[in-house]
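Undergrad: Here's a structure for you.
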Amino acid sequence: MLDGLDPEQREVATALGGPVCVLAGAGTGKTRAITHRIAYGVRSGVLQPSSVLAVTFTNRAAGEMRGRLRQLGAGGVQARTFHSAALRQLQYFWPKAVGGELPRLAERKVQIVAEAAARCRIRLDRTELRDVTGEIEWAKVTQTVPEDYPAAAAKARREMPRDPAETARVYAAYEQLKRDRGVIDFEDVLLLTVGVLQDRHDIAETVRRQYQHFVVDEYQDVSPLQQRLLELWLGDRDSLCVVGDASQTIYSFTGATPDHLLNFRTRHPHATVVKLVRDYRSTPQVVHLANGLLSQARGRAAEHRLELVSQREAGPEPVYGEYADEPAEAEGTARRVRDLIDSGVPASEIAILYRINAQSEVYEQALADAGVPYQLRGAERFFERPEVREAGLLLRGAARAGGADTQLAGADDVPSQVRAVLGTRGWTAEPPAGSGAVRDRWESLAALVRLAEDFVRARADATLADLVAELDERASAQHAPTVEGVTLASLHAAKGLEWDAVFLVGLAEGMMPITYAKTDEQIEEERRLLYVGVTRARRHLSLSWALSRTPGGRPSRRPTRFLNGLRPGSAAVRPGPGSPGGTGGVERGPARRRKRGSARCRVCGRTLTDAGEIKLMRCEDCPSELDEALYERLRDWRAEEAARLGQPAYCVFTDKTLMAIAEAVPGTEAELSRISGVGGRKLGSFGADVLALCAGTCPTSEDASHDASEETREK
Ligand code: ATP
Ligand code: MG
450 MLDGLDPEQR
460 EVATALGGPV
470 CVLAGAGTGK
480 TRAITHRIAY
490 GVRSGVLQPS
500 SVLAVTFTNR
510 AAGEMRGRLR
520 QLGAGGVQAR
530 TFHSAALRQL
540 QYFWPKAVGG
550 ELPRLAERKV
560 QIVAEAAARC
570 RIRLDRTELR
580 DVTGEIEWAK
590 VTQTVPEDYP
600 AAAAKARREM
610 PRDPAETARV
620 YAAYEQLKRD
630 RGVIDFEDVL
640 LLTVGVLQDR
650 HDIAETVRRQ
660 YQHFVVDEYQ
670 DVSPLQQRLL
680 ELWLGDRDSL
690 CVVGDASQTI
700 YSFTGATPDH
710 LLNFRTRHPH
720 ATVVKLVRDY
730 RSTPQVVHLA
740 NGLLSQARGR
750 AAEHRLELVS
760 QREAGPEPVY
770 GEYADEPAEA
780 EGTARRVRDL
790 IDSGVPASEI
800 AILYRINAQS
810 EVYEQALADA
820 GVPYQLRGAE
830 RFFERPEVRE
840 AGLLLRGAAR
850 AGGADTQLAG
860 ADDVPSQVRA
870 VLGTRGWTAE
880 PPAGSGAVRD
890 RWESLAALVR
900 LAEDFVRARA
910 DATLADLVAE
920 LDERASAQHA
930 PTVEGVTLAS
940 LHAAKGLEWD
950 AVFLVGLAEG
960 MMPITYAKTD
970 EQIEEERRLL
980 YVGVTRARRH
990 LSLSWALSRT
1000 PGGRPSRRPT
1010 RFLNGLRPGS
1020 AAVRPGPGSP
1030 GGTGGVERGP
1040 ARRRKRGSAR
1050 CRVCGRTLTD
1060 AGEIKLMRCE
1070 DCPSELDEAL
1080 YERLRDWRAE
1090 EAARLGQPAY
1100 CVFTDKTLMA
1110 IAEAVPGTEA
1120 ELSRISGVGG
1130 RKLGSFGADV
1140 LALCAGTCPT
1150 SEDASHDASE
1160 ETREK
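Numbering-wise, the sequence shown is residues 450 to 1164 according to the working numbering.
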């Protein structure tokens, strides 16, 4: 059991008695050490499996830990998030503590806050409503009651959406409304558990008899409320093992703080404190950049930074990519992902990580175009997100009603119509203050508004109905069954995970650090977020940004300040120990530029900038010579091919590519290869079939046979 651990990790695993605190950097084996600790304790008979509660940060991490424990012969140990552990206890004890069934979880919190504001006769516009809701959530996890909110928020230097006294009144009314209706919210689950354990010693004793040993992963991001719950679970005992890395604190915006980790010794003077510095995850090249980033960090967490020492063999230097615009960045990234897969890296070992979920759309599209299967982590696919689906339905309704739709009164161009419709669902011209779920929702709607603007820029006479059709097409290209593929995730959702190859994209000022990070502390949190991103990579690391958002836009963006002095060609910020010189080379996505710059409509000759039009190789509204029958044959063939490979259809060819083929009717491989979306790999796999279909002959079974090794790899 202890063989797979180094001496310090072994110390963690064998210190089964008293309190243990592990302070260590990314990839040093903290999670591995605690998993082995539990398994060692169970196998050596010191820990009863049912008496151990392991707390991790996400349900997924909890699931993974249960799996690892089972493998190590310690199944039966509870591994849960704070929230799920609390909910389980609450459901169990509620009938005894309060009587009756546990109230149900309220679904639409914002709605209740709106009613609460109305009761107080306080008018909140949509943005204020969301921001006030965020303030109430923060108040609850920091255990701040309504009367104390104004003072506490001022002390924490919160950006307050309204007069704090008004927010406090809405907060109080919100709590009352929930009581009246017999519902609870997400934060109440922890608050009520804390309440029951505090007030009912008999229940607290029962819980403490059940759980005697506690292990907490990612302890740097514990909220005051979670900390309180942990203390109540523990009582006056001290079998507690916490592990964390202050340099990876990325949830302070929700009220979490690394203070509990950093002050552990003060509260537990006899604690065994272990530091791990050997990085088993990443190559020296990746670790060098991670150390460089940390050497520029400031603030309390930074004072406790630990320089990482890689234990792995040398690997490739990080690659930096500067692109002209976001679609070019996404396409360039998808191309490099494809190359990695072709060179033997499994798709499931590759991740593309971005700052906010709304950035996923352009990557979902680019991967679909490149025929690379993907899965989203921590968020649904763009077109499957509830707010995007709801917006799609509303837009469809408005398009159908046309002039009869009252929402559209006075909005005569398509983007204004979209803004008017989405305005009823929370879109506002200015983003809401702060972050979290409210901000995510707004970002999704804002992405739809931008999509409408781009669409109309490429097609001046487009109607709302055309836009709805475009959205449908994009949605169907992305509506694929979840397959084992490349991971798309936000940096927050990537916490604790690792991949062979990691692409950190969108690293331009404004996105990294994000515009709403204003104070020094918020900027430092953004830097830590980038550190978390860098340290997810085992071997291949790519960092990229785009100089403008849209094709043809002004190249006014700058790469993130956090890479100054670290990426080649940038001025050093604060040369110091650990601040490395240049690494890697900047790739400028040249192929993409050339192609994009010279793309012209093959009907009218106009220069094309819209990604969809480039794919079609003509303006959307130029007359199409689409061979409908050929198009249908190609689609049927694609369906069979996709079924044979066990992959979604878009991985064979997207609709746009099939359309371009059915228009161009290529007669030779060279002609076919000029069509956007037909790369070398696809030419090899499908070229013969497609040319046969274009020539009007059916692909023979021989034509349709493929290199077996390639097929296996694709599966
Ligand atoms: P993070 O801070 O990102 O959560 P961590 O400190 O929890 O990282 P782990 O995920 O436990 O790190 O380990 C990182 C990688 O290094 C894993 O693949 C793990 O299996 C491996 N590893 C850890 N310790 C050792 C060891 N002693 N020998 C070999 N591999 C190890
Ligand atoms: Mg970990």
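The C-beta atom is built at its ideal place from N, Cα and C for all residues, glycine as well.
Which runs of the alpha helix (DSSP H) at least 4 residues long sit entirely within the region 648-735? Give them in chain order.
TA: Listed in chain order, they are 650-659, 673-683, 708-711, 713-716.
Undergrad: Between which residues of its own chain and L536 is the CB-CB distance below 6 Å, once the five residues before and five after are set aside?
TA: Result list for L536: V638, in chain order.
Undergrad: For T782, which residues of its own chain have a beta-carbon under 8 Å away from its beta-carbon, when the five flanking residues on both sides are left out?
TA: The residues are G770, I801, Y812, A815, F952, V954, S991, S993.
Undergrad: Taking three-plus beta-carbon pairs below 8 Å as touching, is the region 775-789 in contact with the region 1006-1021?
TA: Not touching, per the Cβ criterion.
Undergrad: Compare the C-alpha of V590 against each of L674, R1123, E780 and name the closest.
TA: When each option's Cα is compared against that of V590, the closest is L674.
Undergrad: Are the beta-carbon atoms of D728 and V692 separated by less than 8 Å?
TA: The answer is no: Cβ separation not under 8 Å.
Undergrad: So, at 8 Å on beta carbons, what are the nonlocal neighbours of L451 in its own chain, with the 5 sequence-adjacent residues on each side left out?
TA: So the list reads R459, A462, T463, H485, Y489, once near-sequence residues are dropped.
Undergrad: Identify every residue that forms a DSSP beta bridge with T936.
TA: DSSP lists A800, Q824 as partners of T936.
Undergrad: For W948, write down the residues that DSSP places opposite it in a beta bridge.
TA: Answer is A986, bridged to W948.
Undergrad: Taking the alpha carbon of G1116 as the point to measure from, which residue in L1142, G1126, K1131, V1127 has its own alpha carbon closest?
TA: Nearest C-alpha to G1116: L1142.
Undergrad: Below 8 Å, can you find three or more Cβ-Cβ pairs linking the region 660-677 to the region 549-560?
TA: Not touching, per the Cβ criterion.
Undergrad: Once the 5 residues before and after S1065 are set aside, which same chain residues still bring their CB inside 7 Å of it?
TA: The sequence given here places Leu at residue 1065; Ser does not occur at that position. For L1065, where only same-chain residues beyond five positions count, the Cβ hits under 7 Å are K1105, M1108, A1109.
Undergrad: Using only alpha-carbon positions, find the residue among Q971, S997, A850 that is nearest to T703.
TA: T703 has its Cα closest to that of Q971, out of Q971, S997, A850.
Undergrad: At 4 residues or longer, and completely inside the region 1056-1125: list those alpha helix (DSSP H) runs for me, N to C.
TA: If we require 4 residues or more, the alpha helix (DSSP H) runs fully inside the region 1056-1125 come out as 1060-1065, 1077-1094, 1104-1113, 1118-1122.
Undergrad: Excluding the 5 residues preceding and the 5 following G841 in the sequence, name in chain order all residues of the same chain whose CB lies nearer than 7 Å to its CB.
TA: So the qualifying residues of the chain are L920.
Undergrad: Specify, as a first and last residue, the run of the alpha helix (DSSP H) that V811 falls within.
TA: Here the alpha helix (DSSP H) through V811 covers 809-818.
Undergrad: Where do the ends of the beta strand (DSSP E) carrying L502 lie?
TA: 501-504 is the span of the beta strand (DSSP E), which, as asked, contains L502.
Undergrad: In the structure shown, what three-state DSSP assignment does R553 receive?
TA: R553: strand per DSSP, three-state reduction.
Undergrad: Of the residues L1057, E1120, V1139, which one's Cα is nearest the Cα of Y1080?
TA: The candidate whose alpha carbon is nearest that of Y1080 is V1139.
Undergrad: Please state whether DSSP places C569 in a helix, a strand or coil.
TA: Here C569 sits in coil by DSSP.
Undergrad: From which residue to which residue does the beta strand (DSSP E) around V471 run?
TA: Taken as a continuous stretch (DSSP letters only), the beta strand (DSSP E) holding V471 covers 469-473.
Undergrad: Counting Cβ pairs closer than 8 Å, one from the region 616-631 and one from the region 640-660, do we hit at least three?
TA: No, the region 616-631 is not in contact with the region 640-660.
Undergrad: Got a sec? Which residues, its chain only, sit under 7 Å from A546 by beta carbon, not counting five neighbours each side?
TA: Excluding sequence neighbours, A546 sits near V645, R649, I652.
Undergrad: For G1027 and V981, I'd like the C-alpha separation in whole angstroms.
TA: Residue placement at G1027 cannot be trusted, given a pLDDT of 36 that sits under 50; what the coordinates show is reported in the next sentence. Cα to Cα, the separation comes out at about 18 Å.
Undergrad: When you compare the region 574-590 with the region 904-923, are there three or more beta-carbon pairs, one atom per stretch, that lie closer than 8 Å?
TA: Cβ pair count under 8 Å is below three, so no.
Undergrad: Using only Cβ atoms and a threshold of 7 Å, which residues come within that distance of a heavy atom of the ligand MG? Order them by chain position.
TA: Taken from the N-terminal end onward, the list reads K479, T480, D666, E667, G945.
Undergrad: Is S493 buried or exposed, if buried means 16 or more other CB atoms sit within 10 Å of its CB?
TA: Flag for S493 reads exposed.
Undergrad: Three-state secondary structure (DSSP) at L953?
TA: L953 falls in the strand class under three-state DSSP.
Undergrad: So, using beta-carbon positions, are E833 and S893 closer together than 8 Å?
TA: Going by C-beta atoms, E833 is not nearer than 8 Å to S893.
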